[in-house]
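Undergrad:
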Amino acid sequence: MATTTTISAPRLVITSHDSTGTAIIGRDSTLPFSQPFGPGTSVFTTAHIAPTVPASNTAPLPSSGPAGIPRPSETGALFCTTDIAPGGSSPMHRTVTLDYCVVLKGEIVLKLDGGEEAVVKEGEYIVQRGTMHAWVNKSNDWCRILCVMLGAEKVKCEDGKVLDAAVAGK
Numbered sequence: 000m001a002t003t004t005t006i007s008a009p010r011l012v013i014t015s016h017d018s019t020g021t022a023i024i025g026r027d028s029t030l031p032f033s034q035p036f037g038p039g040t041s042v043f044t045t046a047h048i049a050p051t052v053p054a055s056n057t058a059p060l061p062s063s064g065p066a067g068i069p070r071p072s073e074t075g076a077l078f079c080t081t082d083i084a085p086g087g088s089s090p091m092h093r094t095v096t097l098d099y100c101v102v103l104k105g106e107i108v109l110k111l112d113g114g115e116e117a118v119v120k121e122g123e124y125i126v127q128r129g130t131m132h133a134w135v136n137k138s139n140d141w142c143r144i145l146c147v148m149l150g151a152e153k154v155k156c157e158d159g160k161v162l163d164a165a166v167a168g169k
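Oh and the sequence shown: position 19 is 18 in numbering that gives the first Met the number 0, straight run, nothing missing.
1) Can you give me the Cβ contacts of Ile-24 inside the same chain, cut-off strictly under 7 angstroms, excluding the 5 residues immediately before and after it?
2) Would you mind stating whether Pro-50 and Gly-20 have Cβ atoms separated by less than 8 angstroms?
3) Quick one: grab the DSSP three-state call for Thr-81.
4) Secondary structure at Gln-34, three-state DSSP: helix, strand or coil?
5) Across the segment 94 to 110 and the segment 43 to 60, are there enough close Cβ pairs to call them in contact, namely three or more that are closer than 8 angstroms?
6) Output needed for Glu-121: all residues of its chain with C-beta closer than 8 angstroms, excluding positions within five of it in sequence on either side, in chain order.
7) Taking 8 angstroms as the CB-CB cut-off, is Ser-15 touching chain B?
8) Report the rounded CA-to-CA distance for Ile-68 versus Phe-43, giving the unit in angstroms.
9) Could you tell me the distance, in whole angstroms, from the CA atom of Thr-45 to the CA atom of Val-95?
10) Specify, as a first and last residue, the run of the beta strand (DSSP E) that Cys-156 falls within.
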């Protein structure tokens, strides 16, 4: 496996307003990569975080996204990418979020804890609703997934069980 993504770093353009309300380019930069699990693993970028929704369009622009695994607050939203190496995978995990995802490059296998799998290809969408899942890249190319993650309520099962954020084996 390559130690870092071969897909170029995303460019981020954020619009804003000057003091009179005229639209301006508030930021135009290339996003830094983060590899919290070390070389040869998933590569993350965080484009934007809104700590609450509805979001403020007058608050100062954030300095940059935090390094590490992208997660929104319970009432917030997050815009990020994940690059998964050829032959790479994530552990089975659950986040307490509603995620809108688009495969921008390559393809990925979405695995669910119930045994179901779906191959999701470039240009296809995923709506992830707090399920226990893993990502597996069975191809020879890097895969980039763009996600908008929203804080969500925990899943409540019919028997009253509540599903918390989790990583299998932890």
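Ideal Cβ positions, reconstructed from N, Cα and C, are used throughout, including at glycine.
TA: Inspection of the coordinates gives the following:
1) Taken in chain order, the residues that qualify are Val-12, Thr-14.
2) Result no, Cβ atoms of Pro-50 and Gly-20 do not sit closer than 8 angstroms.
3) strand
4) Reduced to three states, the DSSP call for Gln-34 is coil.
5) no
6) Val-102, Leu-103, Lys-104, Gly-105, Glu-106
7) Absence of chain B from the displayed structure is noted, only one protein chain being present.
8) Near 7 angstroms, if we compare the C-alpha coordinates of Phe-43 and Ile-68.
9) 18 angstroms
10) Neither: Cys-156 is in no beta strand (DSSP E) and is coded neither H nor E.
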